[in-house]
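Notes follow once the structure below has been shown.
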Amino acid sequence: MVRDSVVRIGLVLPDVLGTYGDSGNATVLRKRLEWRGYRAEVVDLAVGEPVPSSLDFYLLGGGEDRAQTLAVSHLTANPGMQAAAGRGAVVLAICAGLQILGHDFTGTDGVTYSGLGLLDVRTTPGTGARAVGELLTTPDPALLATSMTGFENHQGHTQLGPNARPLSKVVYGTGNGDGADGAYAGHVVGTYMHGPVLARNPEFADLLLGWAIGAPLAPLEIPVIEQLREERRRAVQAMANRRKRLL
Ligand code: GLN
49 MVRDSVVRIG
59 LVLPDVLGTY
69 GDSGNATVLR
79 KRLEWRGYRA
89 EVVDLAVGEP
99 VPSSLDFYLL
109 GGGEDRAQTL
119 AVSHLTANPG
129 MQAAAGRGAV
139 VLAICAGLQI
149 LGHDFTGTDG
159 VTYSGLGLLD
169 VRTTPGTGAR
179 AVGELLTTPD
189 PALLATSMTG
199 FENHQGHTQL
209 GPNARPLSKV
219 VYGTGNGDGA
229 DGAYAGHVVG
239 TYMHGPVLAR
249 NPEFADLLLG
259 WAIGAPLAPL
269 EIPVIEQLRE
279 ERRRAVQAMA
289 NRRKRLL
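Under my numbering, the first residue of the sequence shown carries the number 49, and numbering increases by one thereafter.
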């Protein structure tokens, strides 16, 4: 992609998948592109409106159970994002978003809903307490060399099939409930990390932007990034210490 063209980022149904502040991921992507001299546009895709297939990047946030079923029925009836993913557009989905991308998910009401089938995963309610708190992981080294942090708040547990790879290994927290967090296949990625995850993990943001642009991005050296890195280093250290005390 040349710098003059506009990178178009779709914020998928922020009116229902916006409970946990994940819309901030769109701002992070736009700013990181602009800081590098690219032009970027964030497009809000609202419930009731068609979903275009022409965008470069699609972001799905988390949401409560009712909002999640509303979102999946809208996206099933308006399959623009699925078409875009089929040609390699980047999709990042958080928590309820991740669950929606799978084959199906069962809510706490015991009802199983069909998902969009973009990731080989299935979600069922976990048997234990709701997973609420900090999540610290080590990503698949094929993707990232730095650890990732976020916070989680969910009841669902997600099992991966053979066509999805775990995004990362859990060091602290719950994630999918199987020792891993998230899943990815091609340019479709899901995680349980709120934060927003791309503000907490700038290297992850750049990895996905590199996919959208078609070339890896060089690191940004600006003070705010150093501040974020420092905050994350401190958070990681605090979690590691807390874990040691608990063991
Ligand atoms: N409703 C889903 C669950 O509890 C997702 C919650 C969320 O997006 N944080 O598993």
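Every residue, glycine too, gets a C-beta built ideally from N, C-alpha and C.
Given that a residue counts as buried once 16 or more other Cβ atoms are within 10 Å of its Cβ, and exposed if not, what is residue i?
{"i": "A286", "result": "exposed"}
{"i": "I270", "result": "exposed"}
{"i": "V120", "result": "buried"}
{"i": "V138", "result": "buried"}
{"i": "N289", "result": "exposed"}
{"i": "L246", "result": "buried"}
{"i": "A115", "result": "buried"}
{"i": "R291", "result": "exposed"}
{"i": "P264", "result": "exposed"}
{"i": "G85", "result": "exposed"}
{"i": "L61", "result": "buried"}
Would you grab the beta carbon distance between residue i and residue j for me? Rounded to a whole angstrom, and I think it's under 8 Å.
{"i": "L118", "j": "V54", "result": "Going by Cβ atoms, the distance from L118 to V54 rounds to 30 Å, so no, they are not a contact pair."}
{"i": "V237", "j": "L256", "result": "7 Å"}
{"i": "A233", "j": "A260", "result": "Wrong, their Cβ atoms sit about 16 Å apart, outside the cutoff."}
{"i": "L42", "j": "A88", "result": "Examination of residue 42 is not possible in this model, given that the chain is present from 49 through 295 alone."}
{"i": "L215", "j": "D226", "result": "Contact flag wrong, Cβ pair sits at about 12 Å."}
{"i": "R248", "j": "R280", "result": "6 Å"}
{"i": "R178", "j": "Q203", "result": "5 Å"}
Would residue i and residue j be called neighbours here (beta carbons separated by less than 8 Å)?
{"i": "T67", "j": "G111", "result": "yes"}
{"i": "G209", "j": "V169", "result": "yes"}
{"i": "H205", "j": "C143", "result": "no"}
{"i": "L59", "j": "D92", "result": "yes"}
{"i": "N73", "j": "L167", "result": "no"}
{"i": "T197", "j": "P173", "result": "no"}
{"i": "G221", "j": "G181", "result": "yes"}
{"i": "T185", "j": "G128", "result": "no"}
{"i": "L268", "j": "R56", "result": "no"}
{"i": "G134", "j": "P244", "result": "no"}
Nearest to residue i by alpha carbon, out of the options?
{"i": "W83", "options": "T154, L149, P250 and H202", "result": "P250"}
{"i": "L164", "options": "G128, Y232 and T124", "result": "T124"}
{"i": "S162", "options": "N201, H122 and A193", "result": "H122"}
{"i": "K217", "options": "N201, H235, Y240 and Q203", "result": "Y240"}
{"i": "G262", "options": "A94, V272, A115 and G136", "result": "G136"}
{"i": "E278", "options": "G69, S195 and V99", "result": "S195"}
{"i": "P98", "options": "D113, G85 and A131", "result": "A131"}
{"i": "S71", "options": "S101, G85, L107 and P100", "result": "L107"}
{"i": "L276", "options": "Y86, A253, R293 and L294", "result": "A253"}
{"i": "N126", "options": "S101, R293, Y86 and A193", "result": "S101"}
{"i": "N201", "options": "A231, I273, Y86 and D113", "result": "D113"}
{"i": "V219", "options": "L183, A266 and L61", "result": "L183"}
{"i": "A231", "options": "A193, V272, T171 and G258", "result": "T171"}
{"i": "F105", "options": "F199, I273 and G258", "result": "G258"}
If we cut at 8 Å on Cβ distances, does residue i have a partner in chain D?
{"i": "L265", "result": "Absent here is chain D; the protein component of the structure consists of one chain."}
inquiry  = Quick check: the stretch 144–164 against the stretch 182–198, are at least 3 beta-carbon pairs closer than 8 Å?
reply    = Too few Cβ pairs lie closer than 8 Å, so no.
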